[in-house]
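> So that we are looking at the same thing, I have put the structure below in structure tokens.
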Amino acid sequence: MAMQAATSDKLAQWLLNSIELDAAALHVGRYCGPWRASTAGKALASFHLVLEGDCYLHIDGQPPLHLQARDGVFLMSDVPHFLSPSADPAIPLKRPAMRPLGGAAEPDSAGLACGFFRFSGALSPLVVASFPAYLVCRSGDAALGHTAALFDMILAETGGDPDKPSPLIARLVELLFFYLIRHASQREALSAGLLALAQRGEFMALLDQMLQSPGEEWSIARMAAAAHMSRAAFCKHFTGAGGVTPAQFLLHLRMRLATQRLNAGDSVEQAASHVGYQSHAAFTRAFKRIVGEQPGAYRRQLRAAG
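Residue 195 in the UniProt record's numbering is what sits at position 195 of the sequence shown, and the numbering runs on without skipping anything.
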């Protein structure tokens with residue numbers, strides 16, 4: 001059990017590190033009266049932090065979710081939703097102007113920090129797919145008690161123009177998100193994705209070997225043998241747990257590690273060799289398919305940025 005827990009933690013830490021996140025605070029302030037707010041329709045993941053008061057999150061097909069002060073919700077994709085002071089979604093509401101935080105709060109008011117975040121990196125979509133449509137951070141959750149300091153720091157940055165929040169708030173939101181997904185990966189039964197695979201004991205040794213030696217010849221037969229399964233059983237259970245076929249997983253894994261090598265200063269040839277490609281053309285095709293651009297262009301952008 002101790003070895004299994006150590007392997008699971010090692011994989012979880014690596015996978016969480018593979019997420020590249022960029023958050024942006026849209027507005028931070030207070031809504032009063034019969035208000036309604038939403039970040040839906042922008043084709044982005046988004047967040048809402050309740051800094052003062054309380055409100056309800058309404059998501060299509062879900063019961064209203066009561067959010068209190070120092071609770072937060074991270075919507076992992078562009079989910080139709082809105083926030084309001086009422087549990088009844090049918091009450092007609094509007095979005096009024098947001099007021100600065102500070103001073104006495106009015107009835108039915110809520111202080112909010114709302115914004116968007118983007119995932120990047122070749123493996124991020126597979127990691128994100130491990131989680132539910134939204135994650136909730138509860139102030140009363142003892143396992144997340146240390147996040148109270150982040151809320152304190154966010155509150156310390158509020159009070160100015162609601163539509164021009166401090167850029168530091170977005171960085172603090174990113175930290176809060178990483179704490180939350182680490183907590184979720186340890187506590188929740190994840191339905192699919194890389195972390196879901198890491199939770200399956202039969203795949204732990206295989207994933208660890210693939211992370212350590214991505215350039216080796218990872219045929220389906222070898223993967224199945226490492227998991228102590230037949231080829232047919234392995235493909236069925238791996239795809240069911242991870243949401244991708246073994247070949248797709250291997251491709252994304254290799255390209256993610258290739259980007260890390262390029263970030264570390266390797267040449268395109270060195271990165272390709274590290275992940276098992278001897279053909280420059282084959283590596284270029286695979287890299288562009290997953291990352292979205294050719295490895296040479298990716299490396300030139302890194303050098304220009306540096």
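Where a beta carbon is used, it is the ideal one built from N, C-alpha and C, also for glycine. The structure presented is a predicted model; accordingly, all values stated were derived computationally and were not measured.
(1) Which residues in the same chain as A43 place their Cβ atom closer than 8 angstroms to its Cβ, once the five residues preceding and following it in sequence are excluded?
(2) What separation, rounded to the nearest whole angstrom, lies between the Cα atoms of F238 and A221?
(3) State yes or no: is the C-beta of C114 within less than 8 angstroms of the C-beta of G72?
(4) Are there three or more Cβ pairs, one per stretch, closer than 8 angstroms when the region 257-271 is compared with the region 191-207?
(5) Taking A241 as the reference, which of F74, P92 and V127 has the closest Cα?
(6) Out of curiosity, what's the CA-to-CA distance linking D54 and Y31?
(7) Taking only the alpha-carbon atoms, compute the straight-line gap between D266 and E20 and give it to the nearest angstrom.
(8) Bridge partners for C114 per DSSP, in chain order?
(9) On the criterion of 16 or more Cβ atoms from any shown chain inside 10 Å, does T39 qualify as buried, or is it exposed?
(10) Closest to L75 by CA distance: which of H146, D60 and Q248 is it?
(11) If you drop the 5 nearest sequence neighbours on each side, which residues of the same chain put their C-beta closer than 6 angstroms to that of G102?
(12) Count the other C-beta atoms from every protein chain shown that fall within 10 angstroms of the C-beta of L168, then say buried if there are 16 or more, exposed otherwise.
(13) Chain C beta carbons: is any one of them nearer than 8 angstroms to that of P214?
(14) Give me the residue from L194, A205, V291 and M98 with the minimum Cα distance to T245.
(15) Which residues mark the beginning and the end of the alpha helix (DSSP H) in which S273 is found?
(16) How should S124 be labelled, buried or exposed, when 16 other C-beta atoms within 10 angstroms of its C-beta is the threshold for buried?
Reading from the atomic positions:
(1) D78
(2) Taking the straight line from one Cα to the other gives about 13 angstroms.
(3) 8 angstroms or more divides the Cβ of C114 from the Cβ of G72.
(4) no
(5) V127
(6) 11 angstroms
(7) Cα to Cα, D266 sits roughly 20 angstroms from E20.
(8) H27 and H48
(9) buried
(10) The alpha carbon of L75 has as its nearest neighbour, out of H146, D60 and Q248, the alpha carbon of D60.
(11) Only G159 meet the Cβ criterion.
(12) exposed
(13) In the structure shown, chain C does not exist; there is a single protein chain.
(14) The alpha carbon of T245 has as its nearest neighbour, out of L194, A205, V291 and M98, the alpha carbon of L194.
(15) V268 to H274
(16) buried
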